[in-house]
Ligand SMILES: *Cc1c(COP(=O)(O)O)cnc(C)c1O
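In the numbering used here, the protein residues as written are 819 to 1236.
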């Protein structure tokens, strides 16, 4: 019998596959190497039989994780104060995976009326097909949430601040209510990004009050470049994590290592970017408040904005005065201006580009028609047409000059400087 160690490849097709390559030892660098694999190799059959894909103790198959994806998962846990993390191909797939994992036919899910639109769509179309019902609750009324919780309610979605209209709910009371009723609460934490507040430690006392699941569109702040789609699902409860992880595995969800690399590259600067965009956003939100064509500015850090007191309580302003907020807000244009004027304003902007998403380096603008989006009415949002601004990393004065020139051209009123 020949010794397998003396085998040498003879054909050129075999040579490059079985080249005696060893990964470099003793090479440490600030940035992680990118490990890419569908196939993971086992040294022997005993290893095939003993390795487990359910935890991070070993590697079995690319879909179940690589050293690169594990590092990102661990860093996101550190950011959000979580214990377990799953990566998915988009923020939306993080939302849909949680709903699919935790709901069965006959169950009901509650969503805030200002939830990220496609999460509402998923409930209305896909979950409905599987016999899962849903109700939309008023995000600004804990009584409404309480009234809508029924015997079949198995999951409550939370969002703080809400999408587009940016109302900040009474998150503490909402989470307490879910705990009292024993209903799982899952937060879309894209806005807070782990930076504005700690989703699993809302009272900053070491974790006496927190959400059960946090979902994050990594597409936004963690990517920071407008060029990656990814989402995460973080938890602190091992049993809950396993329910979601098994569904995640059966759905075959995975992320590309090059995309993971991009998020790992951007993550060290997330706090700097978040706070810089917050500062610029508040400056511009205050500038818009001074303008006669603007009837309301929807930014939770502004006094008088819907949910401002809840924002102060949860996002640090009650503790340190300044607080934290994402660099995104909307404003409502007076009803005397029609949609053409609002569209002209958006078209006329030069540094704010028309596009979806946020959290990147480029400022973005998008008009919204609230009447198509809300089921529980406008709430505290004034009558008029809505424009959402996502603040990038440009200079605040450049952005204000851009807003001023588009405003004067589209609305025919003088821009009021500070
Ligand atoms: C963008 C966004 C999502 C979805 O993220 P994608 O990666 O674009 O699918 C979910 N929730 C909120 C609040 C978002 O802003």
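Even glycine gets a Cβ: it sits at the ideal position worked out from N, Cα and C.
Could you please give the first and the last residue of the uninterrupted alpha helix (DSSP H) stretch that includes residue i?
i            : result
residue 1004 : Note, residue 1004: premise wrong, no alpha helix (DSSP H); beta strand (DSSP E) at 1002-1006.
residue 1091 : 1088-1107
residue 975  : Unbroken run through residue 975 is the beta strand (DSSP E), 971-977; no alpha helix (DSSP H).
residue 1166 : 1157-1166
residue 937  : 935-939
residue 964  : 960-966
Out of the options, state which residue places its alpha-carbon closest to the alpha-carbon of residue i.
i            : options                : result
residue 1165 : 1223, 1188, 1213       : 1223
residue 1068 : 850, 1235, 918         : 918
residue 1099 : 1177, 1134, 1230, 928  : 1177
residue 1026 : 1170, 1032, 1018       : 1018
residue 861  : 878, 871, 959          : 878
residue 1102 : 1174, 961, 1119, 966   : 1119
residue 947  : 923, 965, 931          : 923
residue 998  : 1048, 1029, 844        : 1029
residue 1061 : 1010, 963, 1169, 916   : 916
residue 921  : 1111, 1065, 1096       : 1065
residue 930  : 1123, 911, 913, 957    : 957
residue 1182 : 1212, 1230, 938        : 1212
residue 1112 : 904, 932, 971, 1232    : 1232
residue 1091 : 977, 1043, 846         : 1043
residue 1033 : 1236, 897, 954, 1170   : 897
residue 1208 : 1202, 1221, 1006, 1055 : 1221
residue 1038 : 1056, 1016, 1089       : 1089
residue 874  : 1078, 866, 883         : 883
residue 885  : 849, 953, 969          : 849
residue 1190 : 1203, 1180, 1001       : 1203
residue 963  : 993, 940, 935          : 993
residue 912  : 1192, 871, 1047, 970   : 1047
Would residue i pass as a contact of residue j if the rule is Cβ separation under 9 Å?
i            : j            : result
residue 1206 : residue 1186 : yes
residue 907  : residue 1072 : yes
residue 979  : residue 1135 : no
residue 1215 : residue 1145 : no
residue 983  : residue 881  : no
residue 1050 : residue 903  : yes
residue 825  : residue 1036 : no
residue 927  : residue 951  : yes
residue 989  : residue 1132 : yes
residue 1151 : residue 890  : no
So, helix, strand or coil for residue i, using DSSP?
i            : result
residue 1067 : helix
residue 951  : strand
residue 1114 : strand
residue 903  : strand
residue 850  : coil
residue 1021 : coil
residue 942  : helix
residue 1199 : coil
residue 1038 : coil
residue 1073 : coil
residue 957  : coil
With residue i as the anchor, note down where its beta strand (DSSP E) starts and where it stops.
i            : result
residue 930  : 926-930
residue 1203 : 1203-1208
residue 1034 : 1031-1035
residue 1049 : 1049-1053
residue 1185 : 1182-1186
Can you tell me which residues form a DSSP beta bridge with residue i?
i            : result
residue 1147 : 1207
residue 879  : 857
residue 1130 : BP columns for residue 1130 are empty, so no partner.
residue 1172 : 1183
Taking 8 Å as the line, does the beta carbon of residue i fall inside it for any heavy atom of ligand 3?
i            : result
residue 1048 : As far as ligands go, the structure on display features ligand 1 and does not contain ligand 3.
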